[in-house]
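Peer 1: Below you will find the structure I want to go over with you.
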Amino acid sequence: DCPYPYKELSGCGIGFKLMQAFASSNGIGLGEIEHVLDLVAISIGCDIVPVTGENRTLAFLGLERLNKHPRRAGIKALLEMSNFNRDLTISDLVFVLGPRINAAGRIQHGQQAVELLLAKSSNEAGNIANLIHANNLERQLLDRSITDQALAMFDTEDSLKDAWSTVVFNPSWHKGVIGIVASRLIETHYRPTVVLTESNGKVSGSARSVKGFNIYDALDACGELLEQYGGHMYAAGLTMKAENLDAFRERFEEVVRETLDETMRTPEEEVDLEIQLADIGPGFVKAIKGMEPFGPGNMRPVFLTRGLKASDVRLIGNDRNHLKFQVVTPGTEPLEAIAFGQKDHFDTIADGQPFSLLYSIETNHWKGRATLQLNVKDMKPGHLDPLASGAAASTLAQTNT
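See below:
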């Protein structure tokens with residue numbers, strides 16, 4: 536019922552609009568409140584709200600403040616602790632700053648994060664950042680351990696093998712990381728997922744969804760079995776009595792089977808343009824950069840290129856789970872490509888046969904050098920069926936000047 540025209544503000548964004556209205560009503564210049572735009576940008580990234588409309592403007596201004604006019608000793612200390620020495624993007628807020636700030640509340644107490652953001656001196660900020668860094672390391676260990684335990688259940692529990700949903704429970708799992716674990720499980724078992732643990736004598740946990748499926752509505756349909764639940768389309772939290780767990784697992788599976796469209800059971804990657812490697816020049820990259828900041832509702836463009844060959848193919852990472860290689864077509868310089876978590880595609884590209892690639896174009900920062908890198912979404916051997924070409928493809932390709 537709110538008459539405000541933009542409905543997608545984060546909670547922090549609403550707080551900023553309140554400050555803006557107060558300033559306007561009391562003759563206070565907007566320059567007096569711009570110093571909090573960095574926090575607004577962090578909230579936009581970490582709350583996974585659409586980076587559209589007013590959010591996009593606020594995110595742009597907040598990132599500009601973070602990168603060009605940083606003033607918070609706590610954020611500086613946290614970035615130094617992370618060996619981060621380049622301009623921040625929305626993705627960096629989500630995957631670098633956000634998890635570290637959240638780690639305080641997940642492992643110890645959220646007050647640590649508040650004190651970090653309010654720290655006045657670099658010494659005070661450094662001490663708190665050290666504590667939060669330790670919390671984050673513990674969070675990462677818990678995340679990996681619990682994810683491995685949850686994945687093992689798919690091998691031992693027959694009910695999970697043919698299910699359309701995932702509901703897993705272990706009373707010893709740490710409540711602070713089960714939302715992350717739910718997201719991890721979807722990466723390998725693409726279905727609506729609920730991860731549960733025991734907390735204060737109840738069974739509680741986090742739910743995560745797949746594209747197009749409303750996880751909140753699914754929980755609402757199970758409402759008679761739940762004591763509390765809340766969230767939105769893609770993420771939610773829930774609490775129930777322990778004796779309702781089995782009934783909830785059955786009811787949730789029924790709801791998912793009744794409402795999940797068959798097409799939602801397979802992850803899809805939308806292709807924005809089909810291009811050739813020769814199209815990727817300075818003007819092309821500049822055009823992409825002009826679309827920033829990227830995020831939900833304004834995602835980084837995904838491109839398709841066919842007939843590629845790979846060289847220098849190798850597995851990297853502590854678990855040798857990622858592919859790194861160079862791609863080339865006749866008459867072009869090789870480009871570096873990285874395929875995270877796609878070691879199973881090694882044979883697809885290592886035999887020297889042509890393949891098709893879905894990717895986004897990003898800048899890789901390593902040891903003080905910035906180079907273009909293709910971030911691989913998917914790959915297939917041979918040639919895919921042709922896409923319909925459009926004006927957008929030719930328009931963007933013409934910017935390669």
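Per this note's numbering, numbering through the sequence shown is continuous, rising by one, with the last residue being 936. Glycine included, each C-beta is placed from N, C-alpha and C at the ideal position.
1. Here's the rule I'm using: 16 or more other beta-carbon atoms within 10 Å means buried, otherwise exposed. How should C757 be labelled?
2. Say whether the stretch 775-794 touches the stretch 699-710, bearing in mind that this needs 3 or more beta-carbon pairs closer than 8 Å, one atom from each stretch.
3. Throw me the rounded Cβ distance for the F595 and P828 pair, which I believe falls under 8 Å.
4. Can you check DSSP and say which residues form a bridge with E775?
5. Within 10 angstroms of the Cβ of Y945, are there 16 or more other Cβ atoms? Answer buried if so, exposed if not.
6. Going by DSSP in three states, F860 sits in which element: helix, strand or coil?
7. Expressed to the nearest angstrom, what Euclidean distance is found between the alpha-carbon atoms of E589 and P802?
8. Once you ignore the five residues that flank T930 on each side, which residues in its own chain have a CB closer than 8 Å to its CB?
9. If contacts are defined as beta-carbon pairs under 8 Å, then E804 and K915 qualify, I think. What distance do you get, rounded to the angstrom?
10. Have a look at A874 and S559 and give me their C-alpha separation to the nearest angstrom.
11. Could you tell me if P540 is buried or exposed, where buried requires 16 or more neighbouring beta carbons within 10 angstroms of its beta carbon?
12. Assuming contact is defined by CB atoms lying nearer than 8 Å, are R607 and A638 in contact in what I supplied?
13. Going by DSSP, which residues form a beta bridge with S718?
14. Is it buried or exposed for T682, if we count other Cβ within 10 angstroms and need 16 for buried?
15. Whose CA, out of Y764, K552 and T898, lies closest to the CA of D755?
16. Beta strand (DSSP E) containing A813: first to last residue?
17. Got a sec? Which residues, its chain only, sit under 7 Å from S718 by beta carbon, not counting five neighbours each side?
18. Taking just the CA atoms, how far does K552 sit from P836?
19. When we look at the beta-carbon of G825 and count the other beta-carbons within 10 Å, is it buried (16 or more) or exposed?
20. Can you tell me the Cβ-Cβ gap for G711 and S741, rounded? I've got them flagged as a contact below 8 Å.
21. Starting from the Cα of T883, find the closest Cα among A813, L858 and P865 and give me that residue.
22. Who are the near neighbours of S739 in its chain, counting only those whose CB is closer than 6 Å to its CB and skipping five residues on each side?
23. Name the DSSP bridge partner or partners of T898?
24. Among the residues of its own chain, which have a CB less than 7 Å from the CB of L572, if the five just before and after it don't count?
25. Tell me the DSSP secondary structure of K552 in three-state form.
26. Is it buried or exposed for N602, if we count other Cβ within 10 angstroms and need 16 for buried?
27. Give a yes or no on whether the C-beta atoms belonging to P865 and P585 are separated by under 8 Å.
28. Who does N833 pair with in a DSSP beta bridge?
29. Taking the alpha-carbon positions, what's the L565 to M554 distance?
30. Helix, strand or coil: which one does DSSP assign to F619?
31. Ordered along the chain, which non-local residues of its own chain (more than five positions away) have a Cβ less than 8 Å from that of N899?
32. Go ahead and pull the three-state DSSP assignment for F689.
Peer 2: Per the coordinate set shown:
1. Counting from one through the sequence shown, the residue named residue 757 turns up at place 222. With 16 or more other CB atoms across the displayed protein chains lying within 10 angstroms of its CB, C757 is buried.
2. Short answer: they touch.
3. For the purposes of this step, residue 595 is identified with residue 60 of the sequence shown, where counting begins at 1. For the purposes of this step, residue 828 is identified with residue 293 of the sequence shown, where counting begins at 1. For a cut-off of 8 Å, the C-beta gap from F595 to P828 is around 6 Å, short enough to register as a contact.
4. Looking up residue 775 in the sequence shown gives position 240. Residue identity check: residue 775 is Met in the sequence provided, not Glu. For M775, the pairing in a beta bridge is given by DSSP as V738.
5. The structure shown does not extend to residue 945, since the chain is modelled only from 536 through 936, so no value can be given for it.
6. Position 325 of the sequence shown, counted from the start, is the residue given in the question as residue 860. Three-state result, F860: strand.
7. Taking the sequence shown and counting its residues from 1, the one referred to as residue 589 is at position 54. Taking the sequence shown and counting its residues from 1, the one referred to as residue 802 is at position 267. Computed Cα separation, rounded: 29 Å.
8. Here residue 930 corresponds to residue number 395 of the sequence shown, with the count starting at 1. Caution applies to T930, whose pLDDT of 37 falls short of 50 and renders its modelled position unreliable; the model cannot decide the point.
9. For the purposes of this step, residue 804 is taken as residue 269 along the sequence shown, with counting starting at 1. For the purposes of this step, residue 915 is taken as residue 380 along the sequence shown, with counting starting at 1. Between the beta-carbon of E804 and that of K915 there is about 11 Å, and that puts the pair past the 8 Å contact cut.
10. Here residue 874 is taken as the residue at index 339 of the sequence shown, counted from 1. Here residue 559 is taken as the residue at index 24 of the sequence shown, counted from 1. Looking at the two C-alpha atoms, the distance is approximately 49 Å.
11. The sequence position of residue 540 within the sequence shown is 5, counting from 1. By the 10 Å Cβ count, P540 comes out exposed.
12. Start at 1 with the first residue of the sequence shown, and residue 607 comes out as number 72. Start at 1 with the first residue of the sequence shown, and residue 638 comes out as number 103. 8 Å or more divides the Cβ of R607 from the Cβ of A638.
13. For the purposes of this step, residue 718 is taken as residue 183 along the sequence shown, with counting starting at 1. Paired residues: none, contrary to the question.
14. If you number the sequence shown from 1, residue 682 lands on position 147. Per the 10 Å Cβ criterion, buried.
15. As a position in the sequence shown, residue 755 is number 220, starting the count at 1. Looking at the Cα atoms, Y764 is the closest of the given residues.
16. For this step, residue 813 is matched to residue 278 along the sequence shown. Where A813 is concerned, there is no enclosing beta strand (DSSP E), given that its DSSP letter is neither H nor E.
17. On the sequence shown, residue 718 is found 183 positions in, with the first residue counted as 1. Listed in chain order, the non-local C-beta contacts of S718 below 7 Å within the same chain comprise R743, local neighbours out to five positions each way being set aside.
18. Position 301 of the sequence shown, counting from 1, holds the residue named residue 836. Position 17 of the sequence shown, counting from 1, holds the residue named residue 552. Those two C-alpha atoms are separated by around 30 Å.
19. The sequence position of residue 825 within the sequence shown is 290, counting from 1. Answer is exposed; the Cβ neighbour count stays below 16.
20. Your numbering for residue 711 matches position 176 in the sequence shown. Your numbering for residue 741 matches position 206 in the sequence shown. No, G711 and S741 are not in contact; Cβ-Cβ is about 10 Å, not under 8 Å.
21. Against the sequence shown, residue 883 aligns to sequence position 348. The residue among A813, L858 and P865 with its C-alpha nearest the C-alpha of T883 is L858.
22. One-based indexing of the sequence shown puts residue 739 at position 204. Excluding five sequence positions before and after S739, the CB atoms of its chain that fall closer than 6 Å to its own CB belong to T774, given in chain order.
23. Translated into positions along the sequence shown, residue 898 becomes position 363. Looking at the DSSP assignment, T898 forms a beta bridge with L907.
24. The sequence position of residue 572 within the sequence shown is 37, counting from 1. Around L572: L593, L596, G597 and R600.
25. Reading the sequence shown from its first residue, position 17 is the one you call residue 552. Helix.
26. Position 67 of the sequence shown holds residue 602. By the 10 Å Cβ count, N602 comes out exposed.
27. As a first step, residue 865 must be located in the sequence shown, where it is residue number 330. As a first step, residue 585 must be located in the sequence shown, where it is residue number 50. Not a contact, by the Cβ cut-off of 8 Å.
28. Taking the first residue of the sequence shown as 1, we reach residue 833 at position 298. G830, per the DSSP bridge assignment.
29. Start at 1 with the first residue of the sequence shown, and residue 565 comes out as number 30. Start at 1 with the first residue of the sequence shown, and residue 554 comes out as number 19. So the two alpha carbons sit approximately 9 Å from each other.
30. By one-based count along the sequence shown, residue 619 stands at place 84. Taken through DSSP and simplified to helix, strand or coil, F619 comes out as coil.
31. Walking along the sequence shown from the start, residue 899 turns up at place 364. For N899, where only same-chain residues beyond five positions count, the Cβ hits under 8 Å are E871, I873, A905, T906, L907 and Q908.
32. In the sequence shown, the residue the question calls residue 689 occupies position 154. Collapsing the DSSP output to three states places F689 in a helix.
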